[in-house]
Amino acid sequence: MSGNLNQGLQQRQTQNLVLAPQLRQSLKILQVAALDLRSVIQEELQSNPTLEELANDTGSISLERAAEDAANRDDPAGDNTIDRPNSDDPGSDDATTHILPADDTPDDNSRPEALDFSNGKEYEILQKLDQDWHDHMANAGGAQPYTSDDAEKRQHFLESITAETSLQEHLREQADLADRSPQTTEALNYLIGSLDDRGYLTQSPNDIALQTGLPLDAVQKAHRLLQTFDPTGIGGENIQECLLIQLAAKNRADSLAASIIRDHFDLLTRRRIPELARKLAVPADDVQAAIAEIGALDPAPGRRFAHDSNRVVIPDVTVTKDGDEWKIELNNDYIPRLRISNTYRQLIAKGGLTKQERDYIQERIHSGKFLINSIEQRQQTIERITREILTIQREFFEEGVSKLKPLTMTQIAGIVGVHETTVSRAIANKYIKTPHGTFEFKYFFTSGYQAGDGAAVSNTSVKEMIADLIAVEDRAHPLSDQDLVEKLAEKSITIARRTVAKYREELNILPSNLRRDYTG
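Here this note's numbering is used: the first residue of the sequence shown is 262, the next is one more, and so on.
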């Protein structure tokens, strides 16, 4: 079998979507949450000298003002301020002047030449612009000299910021107070360094003795000492030892609970109460009480020192009812109020700048205007999506989760007139505050079922029904998944047993055999 290998050149035409930097920035602004948006804007403020932040003393932008500004965003007479000052304000004249004279307005279709910082010339341009800015602020009384005392105070402030104590630091503070031999000290430090986030040892004392060359009795003594430290339960090799340490600290080492953990842990994890009662020759009520005592223990005592990764949830939109009307209020508290600086307009108006300096300022002004418009567009898109969710999910806002209807992003996209990926970006990482609590926007987008009366019911509402049924069940005879299927059928909702099991697990509800209460 033979073949020929040929080498040649071929021309092929392909299409690729390349996102311009400004478009990527616009998509990022649309997607980030309210708290993160401020960080994004602050980055642009630091890199774009033509942008300035206004004092947030007149409240956040309203939808009407945002719409008005959006309508005038291409008007060279506008200053592209997000929160336009009141026309009756005597200090507003400066805020509503032209960005540039008509003949100096940057052309959106033209791109100034890229600055090359390799020869240091452009760095001098930026230095000159920065000095002009400081001179202007000094003349206006808006800048104060930055002295060595200021620098010292700032450094003292930064050094005064303290971090939370780690588990290892907390344990070493206790170890410093303990009376022990040098070998025990070394072994104890090694043990503390071998703990995971839960507070469990990742190596056995025997392995540690072999690896370090320390006497086994010194490692074992250090291990026993570590288990007396706070938090109680620290230093166990597994969850059983961790729980037993906590019971021993309560003088419950000989209790029924300790016996169950030590000798019948497998039955405990499967909650086999009748079998435990037979093996231990005690009433089922006593086993149930022992399990309740075990449930009050901490299976991971070290986690209280773990870094808290929980984020503060700030709702991007608040929906409230005023009389018979529903109101939508966007959260603009974390969005800086921006405008194009008049200082750089005046620099161009005065003349005397080189072409390179002039092009640089115009490019920065163009970039600043685009940022302001992107923020306006973001707020308007979120408001329109919220309004449509309110219209479709009106019964939810009136009565609660049980009235949530099926809804897809495609539906909202069709109504709002945008692509569904835009809806997806607009609702990402965002929350809406309602009379029934604060929810992620994506909470309102869910598939569903058709009830017997023809009404659509979301799967979230079905989960709520399952949780309600289990909440009122007879704990001596808990509802099985099949029982739940039949109960839902009585409400004209047809659903498979495996789907009920899936929803129950998503609700973190145990199966019926583990929910059964044997007391009484």
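From the three backbone atoms N, C-alpha and C, an ideal C-beta is built for every residue, glycine too.
In the structure shown, the three-state DSSP call for D742 is helix. Within the region 589-625, the beta strand (DSSP E) runs of at least 3 residues that lie entirely inside it are, in chain order, 598-601.
Look at the beta carbons and you see the region 434-441 not touching the region 455-474: under three pairs across the two are nearer than 8 Å. When DSSP assignments are scanned along the region 658-702, the uninterrupted stretches of beta strand (DSSP E) that are 3 or more residues long and fall wholly within it turn out to be 692-695 and 698-701. Beta-carbon to beta-carbon, I693 and V578 are separated by about 5 Å, close enough to satisfy the 8 Å threshold.
Where D583 is concerned, the enclosing beta strand (DSSP E) starts and stops at V578 to D583. L315: not part of any alpha helix (DSSP H); member of the beta strand (DSSP E) spanning L312 to L315, first to last residue. The residue from L306, M670 and K691 with its alpha-carbon nearest to that of T682 is M670. With a cutoff of 8 Å on beta-carbon distance, A762 and D742 are scored as near each other.
Exclusion of the five residues before and after I506 leaves Q488, G494 and G497 as the residues of its chain whose Cβ lies within less than 6 Å of its Cβ. In the structure shown, the three-state DSSP call for S628 is helix. With a cut-off of 8 Å on Cβ pairs, the region 659-674 is in contact with the region 699-711, counting three or more such pairs. DSSP, read as helix, strand or coil, puts V733 in coil. For D527, the uninterrupted alpha helix (DSSP H) segment begins and ends at F526 to T530.
Here L471 has no same chain residue with a Cβ atom under 8 Å from its own Cβ, once five neighbours each way along the sequence are excluded. Per the C-alpha coordinates, the member of P562, A519, R655 and V574 positioned closest to E586 is R655. Looking at I302, L315, E304 and Q307, the one whose alpha-carbon comes closest to that of R600 is L315.
DSSP places G556 in the uninterrupted alpha helix (DSSP H) bounded by A545 to G556. Annotated three-state conformation of G494 is coil, per DSSP. Counting along the chain, R539 sits inside the alpha helix (DSSP H) bounded by residues I534 to L541. Separation of I302 and P562 (C-alpha to C-alpha, rounded to the nearest whole angstrom) is 40 Å. In the DSSP assignment, A295 falls within the unbroken alpha helix (DSSP H) covering A295 to S308.
In this chain, S516 is not harboured by any alpha helix (DSSP H), its DSSP state being neither H nor E. Per DSSP, the beta bridge partners of G709 are S719. Beta-bridge partners assigned by DSSP to L456: L462. Rounded to the nearest angstrom, the Cβ distance from S455 to T446 is 15 Å, too far for a contact under 8 Å. Rounded to whole angstroms, the Cβ separation of A737 and R765 is 19 Å, and the two are not in contact under 8 Å. Per DSSP, K752 lies in no alpha helix (DSSP H) segment and is marked neither H nor E.
Each residue's CA atom was taken as its position, placing S773 and T647 some 40 Å apart.
In this structure, the alpha-carbon of L517 lies about 9 Å from that of I552. Just measuring C-alpha positions, the residue of P739, D437 and Q286 sitting nearest L298 is Q286. For A448, the closest alpha carbon among the candidates A538, A519, Q481 and A550 is that of Q481. For P310, the closest alpha carbon among the candidates E725, S602 and E767 is that of S602. Assignment of beta-bridge partners to E586 by DSSP yields D583. The criterion of a C-beta distance shorter than 8 Å is satisfied by T426 and F566.
The three-state reading of DSSP puts T760 in helix, counting H, G and I together.
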